[in-house]
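Peer 1: Take a look at the following structure, please.
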Amino acid sequence: MSSLYAMPIEKLRGVGKKRAEQFQKLGVRSVGELLNFYPRAYEDWSDITEILDASDGETVCIKAEVGAPFQKGYTKSGKLIAKTAVYDESGGMELVFFNNPYITNMLNYGKTYIFRGKVDRRLDGIQMVSPMFSDPDKTTDIKPIYNLTAGLNNTAVIRAVEQALCLLPDEVNDPLPKHIRKKYQLCDLKYAIKNAHFPESTKALATARKRLVVEELLVLNLGLSSLKTHKRAANKNIVKTDYSAEFEKLLSFTLTNGQRRAIADCIGDITNPETSLNRLVQGDVGSGKTMVAASLCYTVIKNGMQAAFMVPTEILAEQHYNSLKELFKNTDINIALLTGSLKPSEKDRVRAKLESGEIDLVIGTHALITDKTLFNNLALVVTDEQHRFGVAQRAKLLSKGNSPHLLVMSATPIPRTLGLIIFGDLDISVIDELPPGRQEIDTLLIDSSVRTRALGFIRREIERGRQAYIVCPLVDEGESDLASAEDYAAELMLNYFSDIPVGILHGKLKAAEKESVMRDFSENKLQLLVATTVIEVGIDVPNATIIMIENAERFGLSQLHQLRGRVGRGDEKSYCILVSDNTSDTAQERLKTMCATRDGFKIADADYKLRGPGDFFGSRQHGLPPLSISSLADTRNLELSQQIAEYVIKDSNNLLDDRYRGLKAEITRLFKSTGDETLN
Ligand code: ADP
Ligand code: MG
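With the sequence shown counted from 1, adding 684 to any position gets you our numbering.
Here it is in structure tokens:
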């Protein structure tokens, strides 16, 4: 098989230079890659429907004889039209073809074919327009449908694949050793390849695809776990003294055990000359991750080095900047903010001080990773809400120091199966408790008929001195049917909250405006904040106890969980009101999940099952190699492959065992495209 990857596709009959270029557009250069180019769908031509049984609008296969010579003519608009009639035992139907002058030579009067197309039941009889057809003697029952590109049609791909299959040797070297296939009931590679392209039966197809999917996910998993072992570079920024106890004295509360454990894990890494810190701190919303990061920054800075803290939004950057500035006000730590919306002169000033080492700690957005930002001795990079940053961006920030330590914090719980994939190269510390005294958040689902009552409830909370958020429909997405944040807020102020100070926060505001709204809200000068989802990530105002979310069904569950996490951050009882008029079963089921649980991990799993991994990955942002047959949304096989990976690592002594040579070669091949040298 491996030699087929070295054989250019032009070696196949009928594939010349032009064809080869077309295939190349689809990522297929060699015969081996063609065999790995699996159909995107299949058509089942074995399931024959009788003409009279076919219902209107359905796409079916009909096996029938051409029962009349073609009649040709022209439509009013001048199109060539050819009609004939075909019959099976149940009855007859008319076939119509447009602009196909050759059709009369392709279908012979008196011969039987299988026709596949959409059935149109009309008053004057049954009709099929431009069906596909094939000779019943030559048809493979299940027909593969490939991704195509201009000039390359499905039949051409099928022809090429047929030839490629003939080149497979009798004994294909299977990357999955026999004992593994047996243990996990997976078919052999040759059978899998053949049946994934031209299935003998639906069952054979399922068996074949399962084996290929599991293999690909297994290779992905093994590759990622070997990245993990390879990337353990020696510690280039050894920290000598642990200052975390001194840090805790700055706080007005004591840290939870979960926070202490996470800090200790990190300190263990940065003080160890053998390893550097490469860790994900995962903790539900409100578990106090910022303090873990702050503690680590403190220790690193006290040891004479710089730290950078990267967050996804300007609001969050400003918030962290303000709270850390306050926390460190009686220390000698120099702290600065660097975001895109600072004046150029200010940015330059901050950058100059970073380069000279005058600033110890910088908090910022993507502005941190531009080429202009240079550091004196950057030893620690913290990224908050990492799933919003791609692997590449993280790498870019890391390149600004000499292999700095990396601490990644994520509040959006990632389902375990996906976490292993995304964060496969990181160690994980989990903060599994909330600070003491936090109350349950009551979550209610209502429809808009009781919104007025809900607003009355919000009003009473505000009169008791509490603060509230109302999340309105998006303005940024240009959804004209939904009220923009400003119109929506104006209506609320006019009708319900005319005597209450209300702030508005949305993506279109200038950074300075956002900052002043946020500051006023956190200082309790504003009691109600009407906002778009810009408040989703990280905002922390403990006195806010109620959040109402309009059009709740439009949000992902993990996003709702994040939004809900804006309340319940202090000692007071808190509430989350989800407003939705969508009565579909799925919407209701999802929103009820929100009401039933506060466990972010359960919610993330439910979200993942309902919506797939889209929420967790931007388009290829994750920097994973392209998959040819499997999908990360395939939870079941993802889990199975992880199980097999664990077994293989043990069984093969980290792939050193010769029986796994083939599998190792596959790992190298899959990861070649990401340019990851460490795997070779
Ligand atoms: P998240 O994990 O969501 O980022 P934050 O770091 O924003 O959480 O912390 C949430 C709130 O809890 C903040 O107001 C923070 O000051 C407070 N907090 C953090 N740790 C503790 C603690 N150990 N005891 C009491 N309050 C804490
Ligand atoms: Mg946070």
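Where a beta carbon is used, it is the ideal one built from N, C-alpha and C, also for glycine.
Computed from a predicted model, the values in this text were never measured in an experiment.
1. Under the three-state reduction of DSSP, which class applies to Lys887: helix, strand or coil?
2. Which residues in the same chain as Ile954 place their Cβ atom closer than 6 Å to its Cβ, once the five residues preceding and following it in sequence are excluded?
3. In the stretch 941 to 1013, which residue ranges form an unbroken beta strand (DSSP E) of at least 3 residues, counting only runs that do not cross its ends?
4. Which value, in whole angstroms, describes the spacing of the CA atoms of Phe1301 and Leu1316?
5. Exposed or buried, which one is Val813 when buried takes at least 16 other CB atoms within 10 Å?
6. On a CA-only basis, which of Phe1239, Ile1261 and Phe1205 is nearest Arg1135? Give me that one, please.
7. Go through its chain and collect everything with a Cβ distance to Tyr758's Cβ below 7 Å, but skip five positions before and after it.
8. Can you tell which of Ala1349, Leu1052, Thr925 and Gly1254 has the C-alpha that lies nearest to the C-alpha of Val969?
9. For the ligand SAM, I want to know if Met989 counts as a neighbour, meaning its beta carbon is within less than 6 Å of at least one of the ligand's heavy atoms.
10. Could you compute how far the alpha carbon of Lys747 sits from the alpha carbon of Asp728?
11. If I follow the unbroken alpha helix (DSSP H) through Ala1169, where does it start and stop?
12. Measuring from the CB of Pro996, is there a heavy atom of the ligand ADP at a distance below 6 Å?
13. Which residues in the same chain have their Cβ closer than 8 Å to the Cβ of Arg963, if we skip the five residues on either side of it in sequence?
14. Could you check where the beta strand (DSSP E) with Phe707 kicks off and where it finishes?
15. Report whether the distance from the Cβ of Ser1113 to the nearest heavy atom of the ligand ADP is below 6 Å.
16. With distances taken from CA atoms, which of Leu1311, Leu1244, Ser1200 and Leu718 is nearest Gln1003?
17. Considering only the beta carbon of each residue, do Glu1145 and Ile1230 sit closer than 7 Å?
18. Skipping 5 residues on each side, what residues in its chain have a beta carbon closer than 8 Å to that of Val1034?
19. Relative to the alpha-carbon of Ile787, which residue among Ile810, Pro815 and Gly776 has its alpha-carbon at the smallest distance?
20. Using beta-carbon positions only, say whether Met1232 and Ile1154 come within less than 7 Å of one another.
21. In angstroms with no decimal places, state the Cα-to-Cα distance between Thr796 and Val750.
22. DSSP puts Met812 in a beta bridge; with which residues?
23. Considering only the alpha carbon of each residue, which of Asn1235, Val1186, Gly1191 and Phe754 lies closest to Gln1211?
24. For Leu791, name the three-state secondary structure that DSSP assigns.
25. Compare the Cα-Cα distances from Gly716 to each of Val845, Gln811, Phe782 and Asn783 and report the closest residue.
26. Going by the CB atoms, is the gap between Ile1017 and Ile985 shorter than 7 Å?
27. What I want to know is whether the C-beta of Met1202 ends up closer than 6 Å to one or more non-hydrogen atoms of the ligand ADP.
28. Nearest-angstrom Cα distance between Gly959 and Lys1194?
29. Since Gly776 contacts Ile735 with CB under 8 Å, what's their CB separation in whole angstroms?
30. Anyone know if the C-beta pair for Leu1062 and Gln990 falls short of 7 Å?
31. Beta-carbon separation of Lys874 and Ser1087 under 7 Å?
32. Look at the alpha carbon of Val976 and the alpha carbon of Phe931, and state the distance between them as a whole number of angstroms.
33. Please name the residue or residues paired with Asp1068 in a DSSP beta bridge.
34. Please report the distance separating the alpha-carbon of Leu906 from that of Val780.
35. My guess is that Leu1038 and Phe1059 are in contact by the Cβ rule of under 8 Å, so how many angstroms apart are they, rounded?
36. In its own chain, which residues sit with a C-beta less than 6 Å from the C-beta of Arg1150, not counting the 5 before and 5 after it?
Peer 2: Put simply:
1. Reading the sequence shown from its first residue, position 203 is the one you call residue 887. The DSSP-derived three-state label of Lys887 is helix.
2. In the sequence shown, the residue the question calls residue 954 occupies position 270. Excluding residues within five positions, the ones whose Cβ falls inside 6 Å are Val923, Leu961 and His1089.
3. 962 to 967 and 990 to 994
4. Along the sequence shown, read from residue 1 onward, the residue named residue 1301 stands at position 617. Along the sequence shown, read from residue 1 onward, the residue named residue 1316 stands at position 632. Any reading at Phe1301 needs caution, since the residue's pLDDT is 49, under 50, leaving its predicted position unreliable; the model's value is listed next. Those two C-alpha atoms are separated by around 10 Å.
5. For this step, residue 813 is matched to residue 129 along the sequence shown. Answer is exposed; the Cβ neighbour count stays below 16.
6. As a position in the sequence shown, residue 1135 is number 451, starting the count at 1. Minimum Cα distance to Arg1135 is reached at Ile1261.
7. Taking the first residue of the sequence shown as 1, we reach residue 758 at position 74. Excluding positions up to five away in sequence, the list reads Leu764 and Ile765.
8. As a working mapping, residue 969 is identified with position 285 in the sequence shown. It is Gly1254.
9. As presented, the structure is devoid of the ligand SAM, carrying the ligand ADP and the ligand MG as its sole ligands.
10. Position 63 of the sequence shown, counting from 1, holds the residue named residue 747. Position 44 of the sequence shown, counting from 1, holds the residue named residue 728. When rounded, the separation of the alpha-carbon atoms in Lys747 and Asp728 is 13 Å.
11. Counting from 1 along the sequence shown, the entry for residue 1169 is found at position 485. Ala1169 to Asn1179 is the span of the alpha helix (DSSP H), which, as asked, contains Ala1169.
12. Locating residue 996 in the sequence shown gives position 312, where the first residue counts as 1. Not so, every heavy atom of the ligand ADP lies at least 6 Å from the Cβ.
13. Stepping through the sequence shown from its first residue, residue 963 is reached at position 279. Within the same chain, Arg963 has close Cβ partners Asp949, Cys950, Asp953, Leu1090, Leu1091, Val1092, Leu1110, Asp1111, Ile1112 and Ser1113.
14. In the sequence shown, the residue the question calls residue 707 occupies position 23. Per DSSP, Phe707 belongs to no beta strand (DSSP E); it is in the alpha helix (DSSP H), Lys701 to Lys709.
15. In the sequence shown, the residue the question calls residue 1113 occupies position 429. It does not: the Cβ of Ser1113 is nowhere closer than 6 Å to a heavy atom of the ligand ADP.
16. The sequence position of residue 1003 within the sequence shown is 319, counting from 1. For Gln1003, the nearest C-alpha among the options comes from Ser1200.
17. Position 461 of the sequence shown, counted from the start, is the residue given in the question as residue 1145. Position 546 of the sequence shown, counted from the start, is the residue given in the question as residue 1230. Yes, they are a contact pair.
18. Here residue 1034 is taken as the residue at index 350 of the sequence shown, counted from 1. Correct list, in chain order: Ala1020, Leu1021, Leu1022, Leu1026, Ile1043 and Val1046.
19. Taking the sequence shown and counting its residues from 1, one reaches residue 787 at position 103. Here the closest residue by C-alpha is Pro815.
20. Along the sequence shown, read from residue 1 onward, the residue named residue 1232 stands at position 548. Along the sequence shown, read from residue 1 onward, the residue named residue 1154 stands at position 470. Cβ distance < 7 Å, so Met1232 and Ile1154 count as in contact.
21. The residue labelled residue 796 in the question sits at position 112 within the sequence shown. The residue labelled residue 750 in the question sits at position 66 within the sequence shown. Rounded to the nearest whole angstrom, the CA to CA distance from Thr796 to Val750 is 6 Å.
22. Taking the first residue of the sequence shown as position 1, residue 812 is located at position 128. Answer is Leu779 and Val803, bridged to Met812.
23. Here residue 1211 refers to the residue found at position 527 of the sequence shown. Looking at the Cα atoms, Val1186 is the closest of the given residues.
24. For this step, residue 791 is matched to residue 107 along the sequence shown. Coil.
25. Residue numbering aside, residue 716 sits at position 32 when the sequence shown is read from its first letter. It is Val845.
26. Within the sequence shown, numbered from 1, the residue matching residue 985 stands at position 301. Within the sequence shown, numbered from 1, the residue matching residue 1017 stands at position 333. For Ile985 and Ile1017, yes; Cβs fall inside 7 Å.
27. Taking the sequence shown and counting its residues from 1, the one referred to as residue 1202 is at position 518. Outside the cutoff, so no.
28. Mapped onto the sequence shown, residue 959 falls at position 275. Mapped onto the sequence shown, residue 1194 falls at position 510. It should be noted that the sequence gives Thr, not Gly, for residue 959. The alpha-carbon atoms of Thr959 and Lys1194 are separated by roughly 43 Å.
29. As a first step, residue 776 must be located in the sequence shown, where it is residue number 92. As a first step, residue 735 must be located in the sequence shown, where it is residue number 51. That belief holds up - the Cβ atoms of Gly776 and Ile735 are roughly 7 Å apart, short of 8 Å.
30. Reading the sequence shown from its first residue, position 378 is the one you call residue 1062. Reading the sequence shown from its first residue, position 306 is the one you call residue 990. In this structure, Gln990 lies closer than 7 Å to Leu1062 by Cβ.
31. Taking the first residue of the sequence shown as 1, we reach residue 874 at position 190. Taking the first residue of the sequence shown as 1, we reach residue 1087 at position 403. Cβ distance not < 7 Å, so Lys874 and Ser1087 don't count as in contact.
32. Taking the sequence shown and counting its residues from 1, the one referred to as residue 976 is at position 292. Taking the sequence shown and counting its residues from 1, the one referred to as residue 931 is at position 247. Taking the straight line from one Cα to the other gives about 10 Å.
33. Numbered from 1 along the sequence shown, position 384 holds the residue referred to as residue 1068. Residue pairing of Asp1068 in beta bridges, as defined by DSSP: Met1093.
34. Working through the sequence shown from its first residue, we reach residue 906 at position 222. Working through the sequence shown from its first residue, we reach residue 780 at position 96. Their Cα atoms are separated by approximately 54 Å.
35. The residue given as residue 1038 occupies position 354 in the sequence shown. The residue given as residue 1059 occupies position 375 in the sequence shown. Leu1038 to Phe1059, Cβ: 5 Å. Contact.
36. Within the sequence shown, numbered from 1, the residue matching residue 1150 stands at position 466. Cβ within range, chain order: Thr1229.
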